[in-house]
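Participant:
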Amino acid sequence: MNSVLLGFLRQGTVGGRVMARDNGKYHLKHKLADFDAVSLYPSAMSELPGYVRGKGKLFKESIPSDADYYVARVRFESIDIKRHFPLLNIVRFQGAIHTVIEGIYWNEGFNDQITKIIRKMFNARLKYKVEDNPLQEVLKLMMNSSYGKLLMKPIVKTKVFVSGGDKKIDAYTRKNIHRMISRTPISDNLAMFEEHKALSQHFTPIHLGIQILDSSKHIMNRVMCLAEDINANIWYQDTDSMHIDYDSVPRLADAYRELYNSELIGKQMGQFHVDFDLAGSEGNICAKESIILGKKSYLDVLSCDGNDATGIHIRMKGIPGKLLEGDAYATYIKLFNGESVSFDLTELCSININSKTQSVSKRSNFTRCVSFV
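Numbers given in this note's numbering equal positions in the sequence shown, counted from 1, plus 1.
#1: Could you name each continuous beta strand (DSSP E) segment of 3 residues or more that falls completely within the stretch 221-266, going from the start of the chain to the end?
#2: Please identify the residue among GLU290, ILE207, GLN269, VAL361 whose C-alpha is closest to the C-alpha of ARG11.
#3: Suppose the cutoff is 7 Å on Cβ atoms and the five residues either side in sequence are ignored; what does the same chain contact list for ILE211 look like?
#4: Run through DSSP, which three-state label would ARG316 get?
#5: Distance, Cα to Cα, VAL163 vs PHE344?
#6: Can you list, in chain order, the residues of its chain whose CB lies under 8 Å from that of VAL374, leaving out five sequence neighbours each side?
#7: Whole angstroms is fine: what's the gap from SER188's alpha carbon to VAL161's?
#8: With distances taken Cα to Cα, identify the nearest neighbour of VAL302 among GLU78, GLU62, ALA288, GLY295.
#9: Quick one: give me the first and last residue of the alpha helix (DSSP H) that ASP396 is part of.
#10: Who are the near neighbours of LEU151 in its chain, counting only those whose CB is closer than 8 Å to its CB and skipping five residues on each side?
#11: Alpha carbon to alpha carbon, how far is ASP215 from GLN202?
#12: Using a Cβ-Cβ cut-off of 8 Å (strictly less than) and excluding sequence neighbours within five positions of LYS32, which residues of its own chain qualify?
#13: Starting from the C-beta of ASN24, find all residues in its chain whose C-beta is less than 8 Å away, skip the five residues before and the five after it, and write them out in chain order.
#14: Using 8 Å for Cβ pairs, my map puts SER217 next to TYR106. What's the rounded Cβ distance?
#15: Can you find the residues in the same chain that come closer than 6 Å, C-beta to C-beta, to ILE292, ignoring five residues on each side of it along the sequence?
#16: Can you tell me which of VAL371, GLU326, SER63 puts its alpha carbon nearest to the alpha carbon of LYS335?
#17: Among MET153, ALA329, ILE170, which residue has its Cα nearest to the Cα of ALA192?
#18: Closest to LYS30 by C-alpha separation, out of ARG223, TRP236, GLU109, would be which residue?
#19: Touching or not, the stretch 344-357 and the stretch 319-332, by the rule of three or more beta carbon pairs under 8 Å?
#20: Opposite TYR70 in the DSSP bridges: which residues?
#21: Would you call the CB atoms of THR185 and THR358 closer than 7 Å?
#22: My output table needs one value for SER201: the three-state DSSP class, helix, strand or coil.
#23: With distances taken from CA atoms, which of SER282, VAL5, ARG223, GLU229 is nearest ASN262?
#24: Cutting at 6 Å between CB atoms, please list the residues of its own chain near ASN234, excluding the five before and the five after it.
#25: Cα-Cα, which of GLU195, GLU229, ASN145 is closest to LYS83?
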């Protein structure tokens with residue numbers, strides 16, 4: 002795909018959902034589980050009937066009856082069910098009524114080779130993981146990159162370095178002025194040009210990446226919507242994992258088995274498992290207390306039922322973990338109560354790299370102020 006079709010399909014490219022329940026802040030003092038999907042994107046590939054074959058075709062107002070797969074622009078008229086974590090596939094899970102405007106569809110069948118290969122790679126990784134073989138990490142990266150490569154953004158700018166003195170630099174400027182964004186002198190003999198790159202020169206099989214994203218949403222929403230329907234509270238989601246009431250997990254597994262006739266908990270593709278990590282722990286690990294501030298910002302106080310091992314799991318987007326060490330709990334309490342906290346990032350990152358001028362300098366001040374309202 003390239004040009005106009007690529008631009009249209011990019012509007013259907015939506016990554017994993019990251020949010021707290023109802024976008025609120027929570028200080029929870031009961032047990033939570035970090036319920037994590039097993040290899041979400043490889044699982045999404047394995048659930049596909051395959052990648053669509055052939056060229057995309059345009060449609061308007063109604064979805065063709067022979068469409069194997071489609072990406073459509075729609076207008077939603079009403080949404081019947083309000084969810085704590087709003088959905089993208091809201092027709093099924095929120096009873097939404099919609100009107101189709103236009104879209105692209107494929108009707109030449111599927112190439113199922115990816116489903117076979119991804120299962121083979123996943124099983125090989127399981128084998129190497131049991132053997133503690135580092136090849137398992139290589140396979141993990143290969144499986145994830147086979148998805149990410151499909152969704153590369155168009156490269157709309159490029160940098161060109163021209164040497165040879167003022168004469169050659171000026172000649173290059175006159176010849177390429179129509180696509181030039183900027184010209185930056187690097188030295189007396191060298192200049193860097195930033196230029197526009199035509200979208201027609203960028204080709205990406207983005208529709209295949211959309212298939213995988215779509216499949217991954219179904220995997221997560223099957224679990225999350227069922228949990229909400231049986232009043233098993235979920236407090237936070239980050240793409241392939243969720244913070245859910247610990248005592249609700251067995252009840253959710255039973256309901257999932259009854260509805261979908263398959264096991265929810267396990268180590269195979271499409272299944273989920275509790276994924277907290279606590280050094281020196283024995284038995285089952287849970288968060289006995291959690292402070293959830295917002296997207297990618299939370300603290301979990303961890304414990305286990307096999308011994309007295311405890312620990313803290315912290316995360317805050319944009320703030321290195323080492324700056325949060327020390328009295329992290331007190332810091333999160335301040336932020337939960339609406340106070341602002343400043344962090345001096347020069348303690349860990351004092352080097353400033355200017356990609357435009359290709360210069361490197363030392364930062365004297367790099368302060369980031371954080372607050373959650």
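We put the CB at the ideal spot given by N, CA and C, even for glycine.
Facilitator: A quick look at the data gives this:
#1: Qualifying beta strand (DSSP E) stretches, in chain order: 235-239, 242-246.
#2: Counting from one through the sequence shown, the residue named residue 11 turns up at place 10. Answer by Cα proximity: ILE207.
#3: Along the sequence shown, one-based indexing puts residue 211 at 210. Contacts found: LEU10, GLY13, THR14, VAL72.
#4: For the purposes of this step, residue 316 is identified with residue 315 of the sequence shown, where counting begins at 1. Correct three-state label for ARG316: strand.
#5: Stepping through the sequence shown from its first residue, residue 163 is reached at position 162. Stepping through the sequence shown from its first residue, residue 344 is reached at position 343. For VAL163 and PHE344, the distance between alpha carbons rounds to 41 Å.
#6: Reading the sequence shown from its first residue, position 373 is the one you call residue 374. These residues qualify, in order along the chain: GLY339.
#7: Residue mapping note: residue 188 aligns to position 187 of the sequence shown, counting from 1. Residue mapping note: residue 161 aligns to position 160 of the sequence shown, counting from 1. So the two alpha carbons sit approximately 15 Å from each other.
#8: Translated into positions along the sequence shown, residue 302 becomes position 301. Checked all of GLU78, GLU62, ALA288, GLY295; the closest Cα to VAL302 is ALA288.
#9: Shown here, the chain extends from 2 to 374; a query on residue 396 therefore has no answer.
#10: For the purposes of this step, residue 151 is taken as residue 150 along the sequence shown, with counting starting at 1. If we look at LEU151 and ignore the five residues flanking it on each side, its Cβ neighbours are THR205, PRO206, ILE207, LEU209, GLY210, ILE213.
#11: Within the sequence shown, residue 215 is the residue found at index 214, counting from 1. Within the sequence shown, residue 202 is the residue found at index 201, counting from 1. One C-alpha to the other measures close to 27 Å.
#12: Indexing the sequence shown from 1 puts residue 32 at position 31. Counting only Cβ-Cβ distances below 8 Å, and skipping sequence neighbours, we find ASP246, TYR247, ASP248, CYS287, ALA288, LYS289.
#13: Here residue 24 refers to the residue found at position 23 of the sequence shown. Around ASN24: GLY295.
#14: Translated into positions along the sequence shown, residue 217 becomes position 216. Translated into positions along the sequence shown, residue 106 becomes position 105. Between the beta-carbon of SER217 and that of TYR106 there is about 21 Å, and that puts the pair past the 8 Å contact cut.
#15: Taking the sequence shown and counting its residues from 1, the one referred to as residue 292 is at position 291. Only HIS28, LEU300, TYR333, PHE337 meet the Cβ criterion.
#16: Looking up residue 335 in the sequence shown gives position 334. With distances taken between Cα atoms, LYS335 lies closest to VAL371.
#17: Here the question's residue 192 lines up with position 191 in the sequence shown. Here the closest residue by C-alpha is ILE170.
#18: Locating residue 30 in the sequence shown gives position 29, counting from the first residue. Answer by Cα proximity: TRP236.
#19: yes
#20: Residue numbering aside, residue 70 sits at position 69 when the sequence shown is read from its first letter. Answer is TRP107.
#21: In the sequence shown, counting from the first residue as 1, residue 185 sits at position 184. In the sequence shown, counting from the first residue as 1, residue 358 sits at position 357. Cβ atoms of THR185 and THR358: closer than 7 Å.
#22: Residue mapping note: residue 201 aligns to position 200 of the sequence shown, counting from 1. Three-state result, SER201: helix.
#23: Position 261 of the sequence shown, counting from 1, holds the residue named residue 262. It is ARG223 whose Cα lies nearest to the Cα of ASN262.
#24: For the purposes of this step, residue 234 is taken as residue 233 along the sequence shown, with counting starting at 1. Same-chain partners within the cutoff: ASP246.
#25: For this step, residue 83 is matched to residue 82 along the sequence shown. Of the listed residues, the one whose Cα sits closest to LYS83 is GLU229.
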